[in-house]
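Structure, as structure tokens:
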Amino acid sequence: MFDERRAGSFIRSAGREALAAGSECLSDSGRDIKLKADMELHEKLSLFLTDFTGLSVLSEEGEQPDYTSVQGSFWILDPLDGSYNFHRGLPHAAVSVSLWKGGAPQVSYVYDIFRDTLYYAGTGGGCFADGGKIHCSDADSACQAAVASGFSVYRDYSDEEMLKDIAFLRRFKKIRFIGSAALSLAYVAEGRLDAYFETDIGIWDVAAGLGLVKAAGGTYRLEKGSAPNKVTVLAHNGRLGL
């Protein structure tokens, strides 16, 4: 078994270095943006995880086999979730790293780059933020709960499925769009938010956050999306009856 504490320290250090290095843009074409920090974090973390554990890495910026077809234990990495936020100085961006096996997260790290906070859920049980144990909220109905979500700019905003998503979100008291799925899920684990819902998002965006929510007493439902490694996610504190 690898040293989970050492891995967390490395992830935090890599995130701090990325923040100090700045948000240089390598390409900005159409609706996509690619930052130097994305690629440097990918290279640094992928190499560390492979050398440290001998396991393969599925990354948004690297190899992308269908996560459902990977056998045994493997890492799912989003080196910089919330790249556009990071580029514009909006304080919601994170490094997301999770060890998966059997279709579920086993160890999860989400490093909040701007707040210098490391969220962690490991083999010992429980969910932690910088060493302090955290729990999901006690909200017990959607009409009293806050949900985080997001909508892809590539979706047809007039299609029936989109309207169904909007109708579902309207069941909640408040809706928040943070721009980082990893942090949205970390906030559910911490009780800052009560739920998270999104359609057709990359598995690397949510892999670690789902582990946090589960370890903090919550629950989640994961469904196949429209393409390999795309998923529809509903995660909440476990009390909302959804």
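In this text, residue positions in the sequence shown follow the working numbering: the first is 1416, and each later residue adds one. C-beta atoms are modelled at their ideal positions from N, C-alpha and C, and glycine is treated no differently.
CA-to-CA distance, residue j to residue i, given in whole angstroms
i: residue 1607; j: residue 1470; result: 33 Å
i: residue 1510; j: residue 1532; result: 11 Å
i: residue 1505; j: residue 1556; result: 31 Å
i: residue 1441; j: residue 1451; result: 6 Å
i: residue 1654; j: residue 1565; result: 22 Å
i: residue 1448; j: residue 1634; result: 32 Å
i: residue 1570; j: residue 1495; result: 22 Å
i: residue 1651; j: residue 1609; result: 6 Å
i: residue 1434; j: residue 1492; result: 18 Å
i: residue 1657; j: residue 1429; result: 37 Å
i: residue 1576; j: residue 1420; result: 42 Å
Per-residue DSSP class, three states only, for residue i
i: residue 1569; result: coil
i: residue 1498; result: helix
i: residue 1468; result: helix
i: residue 1559; result: helix
i: residue 1583; result: helix
i: residue 1484; result: helix
i: residue 1627; result: helix
i: residue 1593; result: coil
i: residue 1610; result: strand
Burial state of residue i (16 or more Cβ within 10 Å)
i: residue 1587; result: buried
i: residue 1480; result: exposed
i: residue 1527; result: buried
i: residue 1567; result: exposed
i: residue 1487; result: exposed
i: residue 1614; result: buried
Assumed close pair residue i, residue j - CB separation to whole angstroms, cut-off 8 Å
i: residue 1563; j: residue 1611; result: 5 Å
i: residue 1621; j: residue 1596; result: 5 Å
beta-carbon residue i near the ligand SAM non-hydrogen atom, thresh 6 Å
i: residue 1542; result: With respect to small molecules bound, the structure shown includes none, and the ligand SAM cannot be examined in it.
Subject >> the region 1621 to 1630 contacting the region 1572 to 1590, beta-carbon criterion three pairs below 8 Å >> reply: no
Original post:
Counting Cβ pairs closer than 8 Å, one from the region 1634 to 1644 and one from the region 1523 to 1538, do we hit at least three?
Top reply: no
Original post:
Would you call the region 1543 to 1551 and the region 1515 to 1523 in contact, with 3 or more CB pairs under 8 Å?
Top reply: no
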